[in-house]
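K.L.:
The structure that follows is given in the form of structure tokens.
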Amino acid sequence: MPVFVRNLALEHLVEDGQLKSDEMLRMYKDSRWRHAHGAFYMVHTLPSGVEFIFRAIRDGDDVRILGTDTHLGGRCMWNAIPFFNTTPKDADALTAVVACTNIAQDGVFVTHLVNAAVLPELKEGDSITMQMVAFPFVLESYDSREGYEKAYAVNPDSANFPTLLTDKRIFPLNFMLKHDPDIPEDKRNHQLKDDVIMACGPVLEVRQAPLHDEGHKTPFFVATIATQFGHLDVAYTEEMLLGSPCKKGSYLAFSGILSADVAVEGYENWVE
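Position 75 (the sequence shown) corresponds to 76 in the working numbering; numbering is contiguous.
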């Protein structure tokens with residue numbers, strides 16, 4: 002999964018387009034270790050609640066880092082049924098991207114699973130609990146649902162999103178375009194990224210996250226919206242937000258990526 006620098010105001014950790022190696026090493030050394038069926042996740046949590054998760058395996062007597070994820074802890078918990086593995090073929094064994102439905106099976110979303118390897122082998126139809134957060138690429142705020150509909154209707158060809166979503170909808174457009182059986186094989190665009198979703202919903206609350214550390218000056222914000230699957234935290238910085246100010250009662254529409262931490266409710270597996 003990408004490291005979400007912009008959404009989480011982490012620019013101070015980047016130099017020449019790369020995460021600063023000395024900062025990553027410091028976090029790695031100060032991480033809490035989590036068992037994952039023969040592998041490990043090392044988690045370093047900033048005061049803001051942002052988590053840096055290092056995916057690692059044993060390599061002889063050493064530990065080899067396969068990659069790094071970012072996540073944001075929170076209270077938005079969903080129960081979902083994974084039904085399709087859409088993890089890229091070149092991804093490492095500790096990474097997972099899955100399409101899920103809910104218990105009612107009236108919707109579909111695609112998400113990255115953080116700490117995926119802590120899960121046991123799932124049987125068809127098994128549900129799992131996941132703590133959810135969204136990282137938008139494009140984020141628009143409106144005064145109301147009516148404002149969102151009106152803005153789209155005025156000029157849909159120039160809208161930031163290709164379709165008007167129904168209320169509280171999460172829509173994995175790319176996944177649907179690639180895997181819809183009603184679309185002929187020669188008409189499908191297999192280069193689309195499965196993990197990009199669109200979503201919209203009313204804002205239930207907005208909070209400014211604590212700063213990452215004493216020397217950090219740039220905050221980020223978390224808006225909690227209502228969706229068809231449950232409440233969803235949306236992480237963004239002020240400069241990303243298009244439209245009206247985002248506050249309780251606003252209406253958000255965005256495209257981006259979902260992150261789901263599955264190391265919850267008995268699967269924490271911390272190394273003591």
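Don't be surprised by glycine CBs; every beta carbon is placed ideally from N, CA and C.
Treat the numbers as computed from the prediction; the structure is a model and nothing was measured.
Along the chain, where does the beta strand (DSSP E) that runs through tyrosine 268 open and close?
P.N.:
No beta strand (DSSP E) holds tyrosine 268; DSSP gives it neither H nor E.
K.L.:
Sorted by chain position, which residues of the same chain lie with C-beta nearer than 6 Å to methionine 25's C-beta, five sequence neighbours on each side aside?
P.N.:
Within the same chain, methionine 25 has no close Cβ partners at all.
K.L.:
What did DSSP end up calling serine 49 once you bin it into helix, strand or coil?
P.N.:
In this structure, serine 49 counts as coil in the three-state DSSP scheme.
K.L.:
Sorted by chain position, which residues of the same chain lie with C-beta nearer than 7 Å to leucine 67's C-beta, five sequence neighbours on each side aside?
P.N.:
Cβ neighbours of leucine 67 beyond the five flanking positions: Arg56, Ala57, Ile58, Asp93, Leu95.
K.L.:
Let me know the beta strand (DSSP E) ranges lying completely inside the segment 178-265, each 3 residues or longer, listed in chain order.
P.N.:
Here the runs fully enclosed are 197-209, 222-228, 231-237, 242-244, 252-262.
K.L.:
Between the C-alpha atoms of isoleucine 184 and alanine 97, what's the straight-line distance to the nearest angstrom?
P.N.:
Their Cα atoms are separated by approximately 26 Å.
K.L.:
Please report the straight-line C-alpha distance between glutamate 206 and glutamate 141, rounded to a whole angstrom.
P.N.:
When rounded, the distance between both Cα atoms is 16 Å.
K.L.:
Excluding sequence positions up to five away, which residues of its chain have a Cβ less than 7 Å from the Cβ of glycine 108?
P.N.:
For glycine 108, where only same-chain residues beyond five positions count, the Cβ hits under 7 Å are Thr102, Ile171, Gln229, Phe230.
K.L.:
Taking its Cβ as the centre, do 16 or more other Cβ atoms sit within 10 Å of arginine 282, making it buried, or is it exposed?
P.N.:
Residue 282 is absent from the structure shown; the chain starts at 2 and stops at 273.
K.L.:
Assign tryptophan 271 to buried or exposed, taking buried as 16 or more other Cβ atoms, counted over all protein chains shown, within 10 Å of its Cβ.
P.N.:
Tryptophan 271 is exposed by the Cβ-count criterion.
K.L.:
Please state whether the Cβ-Cβ distance between glutamate 12 and valine 6 is less than 8 Å.
P.N.:
Yes, the pair counts as a contact, with Cβ atoms nearer than the cut-off.
K.L.:
Round the Cβ separation of threonine 1 and cysteine 77 to the nearest angstrom and send it over; I've been treating them as touching at under 8 Å.
P.N.:
In the structure displayed, the chain extends from 2 to 273; residue 1 sits before or after that span and is not available.
K.L.:
Verify whether the separation of the beta carbon atoms of methionine 199 and serine 245 is less than 8 Å.
P.N.:
No, Cβ-Cβ distance for methionine 199 and serine 245 is not below 8 Å.
K.L.:
Near phenylalanine 110, which residues of its chain fall below 7 Å by C-beta distance, leaving aside the five closest residues on each side in sequence?
P.N.:
Taken in chain order, the residues that qualify are Cys101, Ile171, Pro173, Ile198, Phe230, Leu259.
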